[in-house]
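Report on the following structure.
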Amino acid sequence: MTDAAPVRPGGAMVEFDGVGLRYGPDAEILSDISFNLQPGSFYFLTGASGAGKTSLLKMLYLAQRPSRGIVRLFGEDLVAMPRHRLPGFRRRIGVVFQDFRLIPHLSARDNIALPLRIAGVSEEDLSGPVGEMLSWIGLGDRADAHPATLSGGEQQRVAIARAVIARPQLLVADEPTGNVDPEMAMRLLGLFEALNRLGTTVVVATHDIHLISRIENAQMMRLEKGRLSDPTGALRYPPANRT
Amino acid sequence: MIIPRVPVQHRRLLPDRRLSGPTPWVVAILMMLTLLAAAAGVGLARSANAIGDAIAGRVTVQIVTANPVTRAEQAAALRRAAAAQPFVRSARSVEREELQAMLGQWFGSEGSGDGGDDPVLKSLPLPALVDVDFVGEDRGGHMEALRALVAREAPGARIIPHAEWLGPVARLIRSLAWIAGGMVLLMTAASAAVVIMTARAALGTHFATIEMLHLIGATDRQITRLFQRRIAIDTAYGIALGSTVAAAILLLIGWQWSGVTAGLAATASLGAAGWALLLALPLLAIALAAFTARQTLLAALKKIL
Chain G
4 MTDAAPVRPG GAMVEFDGVG LRYGPDAEIL SDISFNLQPG SFYFLTGASG
54 AGKTSLLKML YLAQRPSRGI VRLFGEDLVA MPRHRLPGFR RRIGVVFQDF
104 RLIPHLSARD NIALPLRIAG VSEEDLSGPV GEMLSWIGLG DRADAHPATL
154 SGGEQQRVAI ARAVIARPQL LVADEPTGNV DPEMAMRLLG LFEALNRLGT
204 TVVVATHDIH LISRIENAQM MRLEKGRLSD PTGALRYPPA NRT
Chain F
381 MIIPRVPVQH RRLLPDRRLS GPTPWVVAIL MMLTLLAAAA GVGLARSANA
431 IGDAIAGRVT VQIVTANPVT RAEQAAALRR AAAAQPFVRS ARSVEREELQ
481 AMLGQWFGSE GSGDGGDDPV LKSLPLPALV DVDFVGEDRG GHMEALRALV
531 AREAPGARII PHAEWLGPVA RLIRSLAWIA GGMVLLMTAA SAAVVIMTAR
581 AALGTHFATI EMLHLIGATD RQITRLFQRR IAIDTAYGIA LGSTVAAAIL
631 LLIGWQWSGV TAGLAATASL GAAGWALLLA LPLLAIALAA FTARQTLLAA
681 LKKIL
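Chains as they are written, first to last, in our numbering: chain G, 4 to 246; chain F, 381 to 685.
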């Protein structure tokens with residue numbers, strides 16, 4: 004069960020307003036970040052290494068509160084939200100981590116099933132979707148393999164399957180295709196696109212310019228030295244306009 | 381619930397390394413020592429109580445008049461007079477044969493009741509003794525009245541309150557019982573500390589898993605139940621092992637103790653309440669471990685967003 008309210012029609016799924024983030028007494032690594040993410044949209048987040056992409060994503064998937072500013076997710080202020088309400092919101096967000104973060108002693112099947120189990124889905128009801136997902140990512144015959152025995156690409160596929168198995172409303176992916184071959188990268192991107200067509204808002208942090216060109220109507224946000232240079236909606240990069 | 385119910389699939393979130401760490405073994409040792417200390421404490425407390433009850437309000441009047449006939453007459457007169465007093469529950473003359481039998485143990489002629497044919501024992505000028513048990517709690521007033529009675533019926537006789545010579549022993553035993561109780565508390569605190577350290581170590585070891593579970597929407601309660609269950613089971617193994625060893629030791633001591641029928645040692649026993657306490661201690665320990673683990677885990681998880 005989730006205690007997070009649905010996004011109101013016409014409202015933004017994510018709103019950042021004047022957000023800043025600093026770790027400890029150091030200087031801000033993100034400053035004056037303001038943007039809105041609309042439900043059902045597809046966003047790419049780009050920027051050089053160290054620009055703050057991962058920190059921004061952390062705030063999106065509720066692993067980090069901002070140091071200042073306003074963050075609203077699914078219409079609710081997350082800055083002041085008590086932490087006991089966060090799990091309900093997190094269950095509506097799928098996350099693909101750059102370093103996979105698979106649980107090493109669980110099989111591929113159990114790693115993928117994790118979000119459903121945490122959400123209280125019965126074993127009977129989750130076996131079908133998990134099996135389908137394993138087949139889709141091409142690991143149907145390796146369902147019982149543990150992460151240590153999987154290649155980097157296979158681990159990445161399992162991580163992506165885990166992120167999308169519960170049909171999240173917001174999917175956040177940090178370099179999701181960094182460890183897979185181009186063909187698998189396209190398949191995974193196709194999955195993101197399919198989820199996006201079903202209404203999932205997708206945010207993908209990537210360096211891969213070819214990936215960006217594959218998604219029509221995707222919007223791009225670019226981080227430079229902790230500041231968002233092209234807020235969502237201000238600059239579009241549809242394939243037709245790209246040189 | 382002491383050991384929370386967790387679905388089998390969720391249990392797999394923690395690797396199955398039961399009894400692999402030091403926790404069950406440390407808990408087993410602490411539990412064994414706790415039970416032995418508790419048994420000692422209960423036995424000593426009961427012994428102190430038994431001695432206290434036996435000596436409270438009891439005195440022995442020792443009549444040492446040189447003439448044996450006069451001595452016997454004074455003892456009889458004192459017994460009769462004392463028994464008639466309202467502040468006396470009972471008054472009893474200690475028979476000469478009883479005294480000889482008691483002394484016979486030291487002279488090597490016990491078993492023959494009256495000292496047998498031991499000429500030395502038979503020739504000993506034994507005093508006449510009258511045991512008096514008082515009624516009620518006004519020991520001071522009763523002693524004054526008894527002194528007056530003794531002065532009248534058996535002048536020169538000595539009044540020996542049992543509390544005077546057995547009281548320090550009873551107090552010593554009671555002190556030892558308190559020390560044993562203190563040891564039980566200290567070892568319980570040490571057990572709780574072991575559980576806290578185990579819980580913190582588990583959180584450190586599995587931090588990546590916990591962080592992952594949080595990020596996919598697991599609640600503190602879900603995560604806590606996983607660890608609480610594991611820690612409770614591990615400590616339960618330790619507690620069961622420690623209790624088994626302690627029970628074996630106590631049964632062995634009990635078997636050896638059963639041959640002791642005289643003296644202070646005979647007053648030491650556990651009694652039904654003592655055994656019930658010893659049986660309850662392991663269950664209380666498991667509950668304490670589960671509670672401590674839960675509180676430690678919840679406090680630690682609150683520090684993570």
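For every residue, glycine included, the Cβ atom is placed at its ideal position computed from N, Cα and C.
query, result
"Measuring only the C-alpha atoms, how far is residue 495/F from residue 481/F?", "Residue confidence for residue 495/F is low, a pLDDT of 48 falling below 50, so the modelled location carries little weight and cannot support an answer."
"For a contact meaning CB atoms closer than 8 Å, what does residue 94/G contact in chain F?", "596 and 597"
"Mind listing which residues of the stretch 108-125 of chain G have their C-beta closer than 7 Å to chain F's C-betas, in chain order?", "108, 109, 113, 117, 118, 120, 121 and 122"
"Classify residue 243/G as buried or exposed, calling it buried when 16 or more other Cβ atoms lie within 10 Å of its own Cβ.", "Only weak support is given to the placement of residue 243/G: the predicted model assigns it a pLDDT of 39, under 50, and the value that follows is read from those uncertain coordinates. With fewer than 16 other Cβ atoms within 10 Å, it is exposed."
"For residue 50/G, write down the residues that DSSP places opposite it in a beta bridge.", "226/G"
"Could you check if residue 237/G is buried or exposed, using at least 16 other CB atoms within 10 Å of its CB as the buried criterion?", "Low local confidence applies: a pLDDT of 42 at residue 237/G is under 50, so the model's placement there is unreliable, with the coordinate-based value given in what follows. The residue is exposed, with fewer than 16 neighbouring Cβ atoms inside 10 Å."
"In three-state DSSP terms, what is residue 18/G?", "strand"
"Whose CA, out of 165/G, 160/G, 199/G and 203/G, lies closest to the CA of residue 191/G?", "160/G"
"In its own chain, which residues sit with a C-beta less than 6 Å from the C-beta of residue 17/G, not counting the 5 before and 5 after it?", "40 and 76"
"In the DSSP assignment, the alpha helix (DSSP H) including residue 98/G goes from what residue to what residue?", "First-last for residue 98/G: 96-99, but that is the beta strand (DSSP E), not the alpha helix (DSSP H)."
"Work out the CA separation of residue 474/F and residue 501/F for me, nearest whole Å.", "17 Å"
"Please name the residue, chosen from 662/F, 543/F and 437/F, that lies closest to residue 571/F on a Cα-to-Cα basis.", "662/F"
"Around the C-beta of residue 56/G, are 16 or more other C-beta atoms found within 10 angstroms, so that it is buried, or is it exposed?", "buried"
"CB-CB under 8 Å to residue 393/F, same chain, minus the five flanking residues each way: which ones, in chain order?", "589, 593 and 606"
"Relative to the C-alpha of residue 181/G, which residue among 155/G, 206/G and 200/G is closest?", "155/G"
"Can you check whether the CB of residue 439/F is closer than 8 Å to the CB of residue 687/F?", "Any question about residue 687/F goes unanswered here, given that chain F covers just 381 to 685."
"Short of 7 Å Cβ to Cβ, which residues in the stretch 133-155 of chain G face chain F?", "none"
"Take the Cβ of residue 102/G as the centre, count every other Cβ of all protein chains shown within 10 Å, and call the residue buried at 16 or more, exposed below.", "exposed"
"Go to residue 439/F, then tell me how far its beta strand (DSSP E) extends in each direction, as first and last residue.", "438-443"
"Can you give me the Cβ contacts of residue 610/F inside the same chain, cut-off strictly under 6 Å, excluding the 5 residues immediately before and after it?", "394"
"For residue 510/F, which three-state DSSP category applies?", "strand"
"Do residue 97/G and residue 167/G have their C-beta atoms closer together than 8 Å?", "yes"
"Can you check which of these residues, 384/F, 413/F, 386/F and 387/F, is closest to residue 620/F by C-alpha distance?", "413/F"
"Look at residue 124/G and residue 176/G and say whether their C-beta atoms are less than 8 Å apart.", "no"
"When you compare only the Cα positions, how much space is there between residue 61/G and residue 405/F?", "41 Å"
"Rounding to the nearest angstrom, what Cα-Cα distance links residue 566/F and residue 557/F in this structure?", "14 Å"
"Terminal residues of the continuous alpha helix (DSSP H) containing residue 90/G?", "89-93"
"Do the CB positions of residue 539/F and residue 530/F come within less than 8 Å of each other?", "yes"
"Just the chain F side, please: which residues come within less than 9 Å of residue 66/G by C-beta, in chain order?", "591, 594, 595 and 685"
"Are the beta-carbon atoms of residue 104/G and residue 147/G separated by less than 8 Å?", "no"
"Look up residue 69/G in the DSSP assignment and say whether it is helix, strand or coil.", "coil"
"Would you mind reading off the limits of the beta strand (DSSP E) that contains residue 173/G?", "173-177"
"Does chain F have any CB closer than 8 Å to the CB of residue 104/G?", "yes"
"What residues in the stretch 53-86 of chain G bring their beta carbon closer than 8 Å to a beta carbon of chain F?", "64, 65, 66, 67, 68 and 86"
"Residue 675/F to residue 149/G, Cα distance in whole Å?", "33 Å"
"Using a Cβ-Cβ distance under 8 Å, would residue 404/F count as near chain B?", "Looking at the structure shown, chain B is missing, and the protein chains on hand are G and F."
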